[in-house]
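**Q** Just so it is clear: in the sequence shown, position 34 is 34 by the UniProt record's numbering, and no numbers are missing.
Just so you know, even glycine gets a beta-carbon here, dropped at the ideal spot from N, CA and C.
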Amino acid sequence: MVFYLIGLGLGDVEDITVKGLNIVKNCARVHLEAYTSILCYGLDKTNLEKFYGREVIEADRTIVEQESDAILKGADKEDVALLVVGDPFGATTHADLVLRAKQQNIPVIRDDTRFLLEIES
Ligand SMILES: C[S@@+](CC[C@H](N)C(=O)[O-])C[C@H]1O[C@@H](n2cnc3c(N)ncnc32)[C@H](O)[C@@H]1O
Numbered sequence: 001m002v003f004y005l006i007g008l009g010l011g012d013v014e015d016i017t018v019k020g021l022n023i024v025k026n027c028a029r030v031h032l033e034a035y036t037s038i039l040c041y042g043l044d045k046t047n048l049e050k051f052y053g054r055e056v057i058e059a060d061r062t063i064v065e066q067e068s069d070a071i072l073k074g075a076d077k078e079d080v081a082l083l084v085v086g087d088p089f090g091a092t093t094h095a096d097l098v099l100r101a102k103q104q105n106i107p108v109i110r111d112d113t114r115f116l117l118e119i120e121s
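(1) Name the DSSP beta bridge partners of GLY7, please?
(2) Comparing alpha-carbon positions, which option in ASP112, LEU21, TYR52 and LEU72 lies nearest LEU99?
(3) Tell me the DSSP secondary structure of ASP44 in three-state form.
(4) Is the beta carbon of ASP15 less than 7 Å from the beta carbon of TYR35?
(5) Between ALA101 and CYS27, how many whole angstroms is the CB-CB distance? I'm expecting something under 8 Å.
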């Protein structure tokens, strides 16, 4: 299936693209990157869960840096998303996650207000 890297913008919960919102609603699991980005202006787990109407799993520093395989777990069989405040590629940890996904032959799609594209190897 697909690992989605979704940029949330730097504003509020409504800055996600329509495509991104549909992905979030249909993914088996949705993680929220809570280490490299400051979750401000209401872009936090509680408000995002309320807006999406579904569970969002917060990924802290330990998970993002040392246990990132937990985010990718099962993404070969079902769709998984990682939500990132701001630029989804503004941190090397996210690039590392994409490389790990590619090593496991999991397709990666980035979606934010500037891009919707499949990341080639
Ligand atoms: C690894 S980058 C964060 C990348 C993040 N995805 C982004 O696009 O801002 C870390 C830098 O982003 C800044 N930063 C993190 N969250 C931010 C936010 N919500 N608004 C503005 N700057 C932010 C931090 O101050 C730090 O200098």
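**A** With the structure as the only source:
(1) VAL84
(2) LEU72
(3) coil
(4) no
(5) 14 Å between Cβ atoms; not a contact.
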